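Taking my numbering, I'd label the letters of the sequence shown as residues 4 to 374.
Cβ coordinates follow ideal geometry from the N, Cα and C atoms, glycine included.
Since we're looking at a predicted model, the values are computed, not measured.
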Amino acid sequence: MDLSTPPPDLYGRPRADTFFRFLTAFGDRYSPALGGPLLRRNPRRPFSRPTEALQLVVTARRRVAADVVELTLADPSGGPLPGWQPGAHLRLTLPSGRERHYSLCGDPADQADQAGPAERSGYRIAVRRLPDGGGGSAEIHDTLHPGTRLTARRPRNGFAFCAEPAVLFLAGGIGITPLLPMVREARRNGLDWHLVHTGRSADTLPFAAELRALDPARVHLRTDDEHGGPPTGTELLAHAPRGAAVYCCGPAPMLTAVQRALDASPAASLHFERFGAAPVTDGEPFTVRLGADGPELPVPADRSALDVLREARPDLPYSCKQGFCGTCEVRLLAGAPDHRDRRLTPERRADGALLPCVSRAAAGETLVLDL
Ligand code: FES
């Protein structure tokens with residue numbers, strides 16, 4: 004997630020609100036990934052430019068739930084890695100060239116004594132295999148083993164933890180990954196925290212044993228099979244201490260349920276990160292054409308242009324599906340787009356760049372793409 008552009012407000016509206024403006028300023032000041040002014044320089048390793056690729060090697064791999072593997076990534080020469088804060092993610096380039104974003108689920112305090120406060124010995128990510136995904140998770144599960152080399156960008160953080168005195172963490176399945184470092188930090192700082200981790204069944208909950216060991220009284224594991232279905236927003240928020248800040252990461256229905264129940268709950272604020280695309284809620288049907296004389300594909304009101312395009316062009320790359328990474332960029336030849344991304348500058352848009360994972364067009368419009 005790109006901190007240089009404020010993300011949408013807490014309720015997904017495409018404008019920055021006061022909280023996110025604060026958050027962006029906070030990230031600029033404190034995020035080591037951005038080289039903020041409080042970051043102390045390690046004399047053993049000069050700062051590299053934020054865009055410089057990190058060379059990494061897989062040093063460990065373990066299964067942490069059904070269809071979830073955790074990888075530890077390190078510098079091939081054993082050197083320290085750039086530091087990060089809870090909520091940060093890595094943009095990985097896989098051996099195939101696919102780019103994917105994964106939250107860091109290790110402990111930023113890792114090896115602080117040896118490497119200094121700004122650098123770490125290894126990054127941990129956890130990846131669930133998605134049978135209907137674009138192949139990134141399958142590639143990781145099937146081909147990444149200790150010794151595999153890959154590259155990444157320095158960690159970036161669009162889901163910063165503000166360490167409020169009272170906190171409720173809500174994790175849906177693999178959504179535990181950005182929250183796990185926050186939970187450790189909350190525990191270390193003596194905050195009044197609780198965690199609800201939900202999933203279909205016990206074997207689908209990553210890191211369940213590790214979480215229970217942190218504090219069994221504050222960790223609530225909740226599975227659909229034991230309770231007859233997914234939790235309601237009210238049920239999830241019932242664990243919030245009064246005035247708590249809620250940090251939520253999970254599938255779209257979970258986020259929607261929490262947003263709707265927030266006002267009637269004891270919680271005071273909501274910070275969230277979704278995985279995958281947000282549901283299209285205000286779309287109109289339009290058409291994309293592949294080249295000036297190519298086939299026309301109708302885009303329904305409730306689907307993204309990217310999803311429709313990938314049915315015709317399965318190799319079309321993508322990563323975040325949220326309009327911030329730029330991986331899915333295509334060139335617009337004609338038509339009037341409704342740009343909904345958070346990445347392209349007005350100049351790039353004027354030059355024909357379009358991110359079809361989120362950008363659309365008005366009803367009846369046809370966008371001609373250079374595909
Ligand atoms: S997939 Fe990331 S911007 Fe479209």
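Straight-line gap, residue i to residue j (C-alpha atoms, nearest Å)
{"i": "Val222", "j": "Ala77", "result": "30 Å"}
{"i": "His342", "j": "Thr154", "result": "30 Å"}
{"i": "Asp206", "j": "Ala69", "result": "6 Å"}
{"i": "Ala189", "j": "Pro340", "result": "44 Å"}
{"i": "Leu357", "j": "Glu332", "result": "6 Å"}
{"i": "Gly138", "j": "Gly100", "result": "11 Å"}
{"i": "Gly136", "j": "Val302", "result": "20 Å"}
{"i": "Pro149", "j": "Ser322", "result": "24 Å"}
{"i": "Leu152", "j": "His242", "result": "Reading off the sequence, residue 152 comes out as Arg, not Leu. Using only the alpha carbons, I get a separation of about 42 Å."}
{"i": "Thr75", "j": "Pro158", "result": "14 Å"}
{"i": "Asp218", "j": "Ala264", "result": "26 Å"}
{"i": "Leu57", "j": "Glu368", "result": "42 Å"}
{"i": "Ala174", "j": "Glu299", "result": "40 Å"}
{"i": "Leu182", "j": "Ala166", "result": "12 Å"}
{"i": "Leu37", "j": "Arg123", "result": "Here the model assigns Leu37 a pLDDT of 31, short of 50, so the residue's position is not dependable, and the following value carries that caveat. Approximately 16 Å, taken between the alpha carbons."}
{"i": "Arg245", "j": "Gly297", "result": "58 Å"}
{"i": "Thr237", "j": "Leu336", "result": "47 Å"}
{"i": "Cys360", "j": "Thr290", "result": "14 Å"}
{"i": "Leu169", "j": "Val60", "result": "According to the sequence shown, residue 169 is Ala rather than Leu. Going by the C-alpha atoms only, they are around 38 Å apart."}
{"i": "Leu347", "j": "Gly329", "result": "8 Å"}
Reduced DSSP secondary structure (H/G/I, E/B, other) of residue i
{"i": "Glu73", "result": "strand"}
{"i": "Glu276", "result": "strand"}
{"i": "Gln58", "result": "strand"}
{"i": "Ser106", "result": "strand"}
{"i": "Val361", "result": "coil"}
{"i": "Ala352", "result": "The residue you asked about is not Ala; residue 352 is Arg in the sequence shown. Three-state result, Arg352: helix."}
{"i": "Glu424", "result": "Not covered by the structure: residue 424. The range shown for the chain is 4 to 374."}
{"i": "Leu347", "result": "coil"}
{"i": "Arg225", "result": "strand"}
{"i": "Thr151", "result": "coil"}
{"i": "Leu388", "result": "Nothing about residue 388 can be reported from this structure: the residues present for the chain run from 4 to 374 only."}
Nearest residue (CA-CA) to residue i, options the options
{"i": "Pro85", "options": "Gly231, Pro111, Gln262 and Ala364", "result": "Pro111"}
{"i": "Asp354", "options": "Gly367, Ala365, Thr369 and Gly338", "result": "Gly338"}
{"i": "Leu93", "options": "Asp373, Phe162 and Arg65", "result": "Phe162"}
{"i": "Val72", "options": "Thr348, Leu57, Cys360 and Arg127", "result": "Arg127"}
{"i": "Leu194", "options": "Leu239, Thr146 and Ala248", "result": "Ala248"}
{"i": "Pro209", "options": "Arg156, Ser80, Gly253 and Arg351", "result": "Gly253"}
{"i": "Val371", "options": "Leu59, Asp344 and Leu293", "result": "Leu293"}
{"i": "Glu213", "options": "Cys108, Met257, Phe275 and His230", "result": "Cys108"}
{"i": "Arg363", "options": "Pro320, Pro184, Asp344 and Thr235", "result": "Asp344"}
Residue i Cβ short of 7 Å to the ligand FES heavy atom set
{"i": "Tyr321", "result": "yes"}
{"i": "Arg346", "result": "yes"}
{"i": "Thr330", "result": "yes"}
{"i": "Phe210", "result": "no"}
{"i": "Gly326", "result": "yes"}
{"i": "Leu214", "result": "no"}
{"i": "Leu358", "result": "yes"}
Where residue i falls, given that 16 or more other Cβ within 10 Å makes a residue buried
{"i": "Ala365", "result": "exposed"}
{"i": "Ala203", "result": "Just to set this straight, residue 203 is Arg in the shown sequence, not Ala. Looking at its Cβ environment, which holds fewer than 16 other Cβ atoms inside 10 Å, Arg203 is exposed."}
{"i": "Ala308", "result": "buried"}
{"i": "Arg215", "result": "exposed"}
{"i": "Ser140", "result": "buried"}
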